[in-house]
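Reading through the structure tokens given below for one structure.
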Amino acid sequence: MSPPKALLDIPRILFRVTQLELDSLSFKDFPQLASLLGGFPKLKKFAASNLGWPDFALPSVDVCLPPILDAIFLGKCYKRDILDWMLTSKIVPTCRSLTLNPVGPMDTPSIGQYLEALGDELKELDVGFTSLDSGGDAEDFYANIDLSYNPCIEKIRIQELISGVQYRLSSPLPWILKSLSRLHPNTLKDVSFTIFLDSIEDLDPEDEPIEWDVMDELLCTRPLFSALQNVTFVVLGSLPLFLVKMVLQFRLPGIFRRDLLKVVDSNGETLV
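Offset between the sequence shown (1-based) and the numbering used here: plus 60.
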């Protein structure tokens, strides 16, 4: 008996797929995931989150993502395994937009190697430091990743710069600013920070003071980022945006004077 026509159409359907999102899946091993991803030759956007496999081994056959993608999103998964696999390809897959959230210390060496391989292909970078020791994670990011290898980054987003609803041993901000200082000064246009605020005091915590003056000097006072157009704070929580902006404009006077400061909610809506 001949197989149903729908089954015969599957290879043709996969060939046309340009966006793929994998979430909450377990694989028997990494080669199984690699073989799956190698079946989408027209892929332009790939997202992986909450994926698992018992250990890492390279697939026995040469399969990889397409050589050029628009966006890659790596959420909660073994990022180092996926990136190490991509780096072994004859042609390392590149992307214009890369999201790595959260960033864990074990993944940072592989992230650094991949970003170096991306070079000037990378235009947008989105990273998040969400663990209890988020400052330590950001320090590992700085130690293993040199953003000067990516001189064409125009937009960078930092997730959970402040997390007022979660206790942290350390703040990621000092190390984030060190990483930002490596960006190309004439290319960066947009910097965005997501902040979770339980109260307005979260902007000035006593136990881990935020170096707003250092941020203001780096992004504005010093003539470093001449192309910068927006410094945006995405506010999550119930605090009124006008109150948050009022505090930030005093903490970041240089950014405010240059009219770079933007304060928006999770939907991107700003003050009316």
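For every residue, glycine included, the Cβ atom is placed at its ideal position computed from N, Cα and C.
Extent of the continuous beta strand (DSSP E) run through residue i
i	result
Lys238	Counting along the chain, Lys238 falls outside any beta strand (DSSP E), though it belongs to the alpha helix (DSSP H) covering 233 to 240.
Ile216	215 to 223
Ser252	250 to 256
Ala177	Premise fails: Ala177 lies in the alpha helix (DSSP H), 168 to 178, not in any beta strand (DSSP E).
Ala287	Ala287 -> no beta strand (DSSP E), and no H or E assigned at all.
Ala107	105 to 112
Val163	No beta strand (DSSP E) holds Val163; DSSP gives it neither H nor E.
Leu97	Leu97 -> not in any beta strand (DSSP E); alpha helix (DSSP H) instead, spanning 90 to 97.
Lys322	321 to 324
Same chain, Cβ closer than 6 Å to residue i, five either side skipped, listed in chain order
i	result
Pro64	Here Pro64 scores only 42 on pLDDT, less than 50, and its place in the model is too uncertain to base an answer on.
Phe116	Phe90, Asp141
Ser170	Arg140, Leu143, Asp144
Ser149	Cys124
Ile216	Leu185, Val251
Thr159	Phe133, Asp186
Ser191	Asp197
Spatial distance of residue i from residue j (CA atoms)
i	j	result
Leu278	Phe310	16 Å
Leu80	Arg317	43 Å
Leu134	Ser230	24 Å
Phe293	Asp262	14 Å
Ser194	Ile205	16 Å
Pro234	Gly98	39 Å
Pro114	Ala131	26 Å
Ile255	Gln173	29 Å
Gly179	Val77	27 Å
Ser157	Pro313	31 Å
Thr330	Phe302	9 Å
Leu68	Val187	In this prediction, Leu68 has a pLDDT of 35, which is less than 50 and means its spatial position is unreliable; what the coordinates show is noted afterwards. Leu68 and Val187: Cα-Cα distance of roughly 41 Å.
Ala287	Ile315	13 Å
Gln92	Ala108	14 Å
Leu125	Pro211	24 Å
Ile151	Asp325	40 Å
Lys104	Lys88	26 Å
Met61	Gly112	Unreliable positioning characterises Met61 in this predicted model, as indicated by a pLDDT of 39, which lies under 50. The coordinate reading is nonetheless provided below. Cα to Cα, the separation comes out at about 37 Å.
Val123	Phe106	15 Å
Pro265	Pro232	14 Å
Gln226	Thr168	23 Å
Cys155	Asn327	25 Å
Cys280	Phe253	16 Å
Contact set for residue i: own chain, Cβ-Cβ below 7 Å, skip 5 residues either direction
i	result
Phe75	Pro101, Lys102
Ala66	For Ala66, the predicted model reports a pLDDT of 40, less than 50, meaning its position is unreliable; a value from the coordinates is still stated below. The answer is none, since no qualifying residue turns up.
Arg242	Asp206, Leu207, Ser208
Met166	Arg140
Neighbourhood of residue i by C-beta distance below 8 Å, restricted to the same chain and skipping five residues each side
i	result
Ser239	Ala198, Phe201, Tyr202, Ile205, Leu207
Asn110	Asp83, Ser84, Leu85, Gly135, Lys136, Cys137
Leu237	Glu271, Val274, Met275, Leu278
Leu257	Ile222, Gly224, Leu263, Val295, Leu296, Gly297, Leu299, Val304
Ile147	First, the amino acid is wrong: residue 147 is Leu here, not Ile. Ser170, Gln173, Tyr174, Ala177.
Gly196	Pro165, Leu229, Ser230
Whole-Å CB distance - residue i paired with residue j, under 8 Å assumed
i	j	result
Ile260	Leu299	6 Å
Glu176	Tyr209	5 Å
Lys249	Gln289	5 Å
Thr247	Glu268	Between Glu268 and Thr247 the Cβ distance is about 31 Å, and since that is not below 8 Å, they are no contact.
Val251	Val307	Wrong, their Cβ atoms sit about 18 Å apart, outside the cutoff.
Ser284	Pro245	Per the sequence presented here, residue 284 reads as Leu, with Ser not at that position. Yes, Leu284 and Pro245 are in contact; Cβ-Cβ is about 5 Å, under 8 Å.
Pro153	Phe189	The Cβ separation is near 25 Å, so there is no contact.
Pro119	Ser95	6 Å
Element boundaries [alpha helix (DSSP H), containing residue i]
i	result
Gln79	Segment 79 to 86 is the beta strand (DSSP E) holding Gln79; no alpha helix (DSSP H) there.
Glu184	It is not in any alpha helix (DSSP H) - Glu184 instead sits in the beta strand (DSSP E) that spans 184 to 188.
Ala131	From DSSP, Ala131 is part of no alpha helix (DSSP H) but of the beta strand (DSSP E) over 128 to 134.
Phe302	301 to 311
Phe201	194 to 204
Arg140	139 to 147
Val274	272 to 276
Stretch-stretch touch, CB-based, cutoff 8 Å, three pairs: the region 317 to 330 with the region 264 to 275: Under the Cβ criterion (8 Å, minimum of three pairs), the region 317 to 330 does not count as touching the region 264 to 275.
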